[in-house]
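Protein chains in written order, with full-length UniProt numbering: chain G, 1 to 343; chain S, 1 to 343. The beta carbon of each residue, even a glycine, is placed where N, CA and C say it ideally should be.
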DNA sequence: GCCGTAATCTTTATCGCTAACAAGAGGCCA
DNA sequence: TGGCCTCTTGTTAGCGATAAAGATTACGGC
């Protein structure tokens, strides 16, 4: 009668299994697998071989509890649909790459109550740090962040007071600068097209800064329009058409982001509208997509990668142990082909 | 001399603190916070109040270790820059929303060795399930997945054998169907423009299926061109220009994705090329962006949201306890305005 | 041959929480 | 009144790893 091998016990492997297989203590196995402490080359090799043969995967849940250290960094962003955030993420993971830290992403959909929940969830994993988009938070959220006991970096925006550290640009100033450039180019009947989202504070601040600069020049917005949902490019077309129908004498449209700006630009080009002579256009963000359009939309880049890198550096402790650091980056204005050069 | 309050001990709070503050055992606090077991309304209220007052955040590291359960689902995707993946993610998190499970994202950048590492990292957290994009993996990765001891769902592609479950579409077939539709419309001198990435197996399979269908009709690709990196929309323009210069008599271009297809379309429209009369165009994915272009590019949607939902259902156990399920979805062909209607 | 120091490896005691079982408090019925 | 439930709450014993400190060689030097 052939001996059948016993059914493979699906018990998950532990350090003990590796320890028994290699004939050393669990502690030694642990040291080998973490590259910590002195272990002879021979033992190390034996342990590694046993671990590989068994297919052992360490249990970080247990490890984290024992060491009181977890190599995770929570990253909390409002959305993944807006390419801005994946790019910030890229900056973060690039920078974290060689620190042993690992980003974990949470998405809030621009909902404050959801942000509260995500922060709570993140903290329950006792991460080594937290990176949160935006500086507007509920009182509860702010309290959690303040008591987290680990570095907290609020990113993208610097128009306000951070809980701990902060890396970003001033959107108030960004809007203001764009307005100045537009005015300097001689445009006067200016409209703003943006998003409906009341919780997109950065877009709101850009518009505020924009309007403030207009006001200083004795002007106000000639028209405005807001959208929500749907394809941004398409909405840009539709809104541009709608607003030009309503206010045919506009000479400039400032879009709250490049996607709707790109849609507007395409629409204008199709109609044979003279851009930037008859009508000037500008967006915000400096998205890669714009490179593929027939002509370059004026924009301002939001320093996304740099923001990610900066935040990651702070969390990783590369920035020293200063308790609360603020880094304000300066967005670069690019007038492209959609703002005329002289007044 | 005024008594100064003692320095706030930054020791992190534990169940014991809440237990002392509310005068019940740790176990009871645990029960209240997890909504498990019978606890009187009065006690519950007292505990919740104490927890909130202290700002207690449970430690899931300890909880997970004790209960041997972790409410995380690992999601492993090649990239966040391609909107396809965030959309799959959306399907996953929508579906996971009310299950208590939480997705954790890992990105591989299309690198197999990085995929191995990410899978290893994920498993070290002992998640409740794993969702991995693609069905091509290293032997090591396949072994880890097979031994994970939790549901594993490979997504996006069904042209192959899964480790456990699988949800996706057949890219071979997708390429084939598109080729048939193009041939049926009477096009004969057909080019393929795609990505350089050797590890984008799905794009590769689409091209294979496409070529196979051409071969059956006694044809082969009249030209082809590949790119890597940069703005896809821009690359689409450049490649289209390059390939048409080289092969001016082409009557169709099949792009491996909608972004380069969109770039190509914009370029053709600018040049006044008669689309779809003189030249037909088609892409793949059905991205939202296309809605904003001047005319609708032919495409095939990749069922991204449905794939995400399906995978999440399996991981959440909503699909029953079948050991290995395969779900093949059928992409919808949309000829848009860039394929002529009759042969 | 004995002792000291360094290099390796082992032992012991948590980490913070939860499963499983135990125990006290009332209430109901005979 | 006593026994038996039911409803709540408490006790005990880990989960799988690591920190810290102890034990065991290894090896020279005198």
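Sequence-distant residues of the same chain with beta carbon closer than 6 Å to residue i, five excluded per side
| i | result |
| --- | --- |
| residue 160 of chain G | 135 |
| residue 205 of chain S | 159, 171 and 172 |
| residue 34 of chain G | none |
| residue 99 of chain G | 316 |
Coil, strand or helix - residue i by DSSP
| i | result |
| --- | --- |
| residue 208 of chain G | helix |
| residue 289 of chain S | helix |
| residue 131 of chain G | strand |
| residue 227 of chain G | strand |
| residue 320 of chain S | coil |
| residue 182 of chain G | helix |
| residue 116 of chain G | helix |
| residue 4 of chain G | Caution is warranted here: a pLDDT of 42 is assigned to residue 4 of chain G, below 50, making its placement in the model unreliable, and no coordinate value can be reported. |
| residue 126 of chain G | coil |
| residue 340 of chain G | coil |
| residue 67 of chain G | helix |
| residue 247 of chain S | coil |
| residue 12 of chain S | coil |
| residue 121 of chain G | helix |
| residue 269 of chain G | helix |
| residue 221 of chain S | coil |
| residue 234 of chain S | helix |
| residue 148 of chain G | coil |
| residue 25 of chain S | coil |
| residue 264 of chain G | helix |
| residue 394 of chain G | Chain G is shown only over 1 to 343; residue 394 of chain G falls outside these bounds and no answer can be derived. |
Contact list for residue i against chain G, beta-carbon separation under 8 Å
| i | result |
| --- | --- |
| residue 275 of chain S | Those within 8 Å of residue 275 of chain S in chain G number zero; the least Cβ separation is about 14 Å. |
| residue 143 of chain S | 55 |
| residue 86 of chain S | 80, 81 and 86 |
| residue 270 of chain S | 294 |
| residue 306 of chain S | Ordered by position in chain G, no residue passes the 8 Å Cβ test against residue 306 of chain S, which lies about 17 Å from the chain. |
Endpoints, alpha helix (DSSP H) assigned at residue i
| i | result |
| --- | --- |
| residue 86 of chain G | 84-96 |
| residue 43 of chain S | 41-54 |
| residue 99 of chain S | Looking at the DSSP string, residue 99 of chain S is not in any alpha helix (DSSP H), and its letter there is neither H nor E. |
| residue 57 of chain S | Note, residue 57 of chain S: premise wrong, no alpha helix (DSSP H); not H, not E. |
| residue 80 of chain G | Looking at the DSSP string, residue 80 of chain G is not in any alpha helix (DSSP H), and its letter there is neither H nor E. |
| residue 310 of chain G | 304-315 |
| residue 36 of chain S | It is not in any alpha helix (DSSP H) - residue 36 of chain S carries neither H nor E in the DSSP assignment. |
Run of the beta strand (DSSP E) containing residue i, from where it starts to where it stops
| i | result |
| --- | --- |
| residue 165 of chain S | 165-169 |
| residue 103 of chain G | 102-107 |
| residue 75 of chain G | 72-77 |
| residue 195 of chain G | 190-195 |
Residue i: CB within 6 Å of a non-hydrogen atom of the ligand COA
| i | result |
| --- | --- |
| residue 180 of chain S | For the structure depicted, the ligand COA is absent and the ligand set is empty, with no information on it obtainable. |
Identity of the residues DSSP links to residue i by a beta bridge
| i | result |
| --- | --- |
| residue 282 of chain S | S/254 and S/298 |
| residue 139 of chain S | Note: residue 139 of chain S sits in no beta bridge, so no partner. |
| residue 334 of chain S | S/299 |
| residue 156 of chain G | G/168 |
| residue 326 of chain G | G/166 |
Close-in-space but distant-in-sequence residues of the same chain around residue i (CB under 7 Å, 5 per side omitted)
| i | result |
| --- | --- |
| residue 310 of chain S | 167 and 327 |
| residue 227 of chain S | 195, 196, 235 and 239 |
| residue 38 of chain S | none |
| residue 54 of chain S | 13, 17, 18 and 21 |
| residue 225 of chain G | 193, 239, 242 and 243 |
Neighbouring residues, chain G, relative to residue i (Cβ below 7 Å)
| i | result |
| --- | --- |
| residue 110 of chain S | None at all; the shortest Cβ gap to chain G is about 14 Å. |
| residue 102 of chain S | 121 |
| residue 64 of chain S | 61 |
| residue 263 of chain S | 292 |
Listed by chain order, chain S residues near residue i by CB distance under 9 Å
| i | result |
| --- | --- |
| residue 60 of chain G | 61, 121, 124, 125 and 126 |
| residue 266 of chain G | 266, 292, 293 and 294 |
Residues near residue i by beta carbon distance below 8 Å, same chain, minus five either side
| i | result |
| --- | --- |
| residue 127 of chain G | 70, 72, 73, 74, 104 and 150 |
| residue 313 of chain S | 95 and 319 |
| residue 123 of chain S | 74, 130, 144 and 148 |
Partner residues on chain S for residue i, Cβ-Cβ distance less than 8 Å
| i | result |
| --- | --- |
| residue 67 of chain G | None at all; the shortest Cβ gap to chain S is about 10 Å. |
| residue 237 of chain G | 292 |
Closer than 7 Å at the beta carbon, the chain S residues around residue i
| i | result |
| --- | --- |
| residue 12 of chain G | 149 |
| residue 289 of chain G | 231 and 233 |
Chain-ordered neighbours of residue i on chain G, where CB pairs are closer than 9 Å
| i | result |
| --- | --- |
| residue 225 of chain S | Neighbours of residue 225 of chain S on chain G: none; closest Cβ ~16 Å, over 9 Å. |
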